[in-house]
Structure formats: structure tokens, C-alpha cells
Amino acid sequence: MPKQKTRRAAAKRFKVMANGRIKCGRAGKRHLLSGKSTKRKRQLRTGGKVPPGLIKMAHAQIPYA
1308 MPKQKTRRAA AKRFKVMANG RIKCGRAGKR HLLSGKSTKR KRQLRTGGKV PPGLIKMAHA
1368 QIPYA
């Protein structure tokens, strides 16, 4: 059976942690930042995690991570 291909876009966005969960960045911090509060921008700096319902899909896109 041939090797699975990695979705390169997903590989650039996700990191697999040691426990199998997947880290990802947060949306909403690219532009229009003057209208957002300092607290909101600070909270957007912290990383997010892929929701449990999407973990299987994310693992399929990055099979060797």
C-alpha cells in the first residue's frame, strides 16, 4: 500500500503534543486589532487546541506527525 501524503497546509498549522492532543493557533489576530481590547488580544496570543470532535480529522491530515 502506498504511503499517505501529508496535507502540507495542516502540517504548518498543527503540532501534535505528547499526549496526542493537537495544538493550533487562534483566529482573529491578523487585522482590525484597534477595535479589540487589550485583554482580548492578550488572550488570543495563547495557543488553542483542536476540539475533540476534529482530532481524528486532523490526525488523518498529518499521519506521520
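So the mapping is simple: our numbering equals the position in the sequence shown, first residue as 1, plus 1307.
Don't be surprised by glycine CBs; every beta carbon is placed ideally from N, CA and C.
- The Cβ atoms of K1330 and R1352 do not sit closer than 9 Å to each other.
- For G1327, the three-state secondary structure derived from DSSP is coil.
- Contact check for R1328 and I1369: beta-carbon distance about 13 Å, past the 8 Å limit, so the pair fails to qualify.
- Nearest C-alpha to R1320 among A1334, K1348, Q1311 and M1308: A1334.
- G1360 sits in a helix when the DSSP states are folded into three classes.
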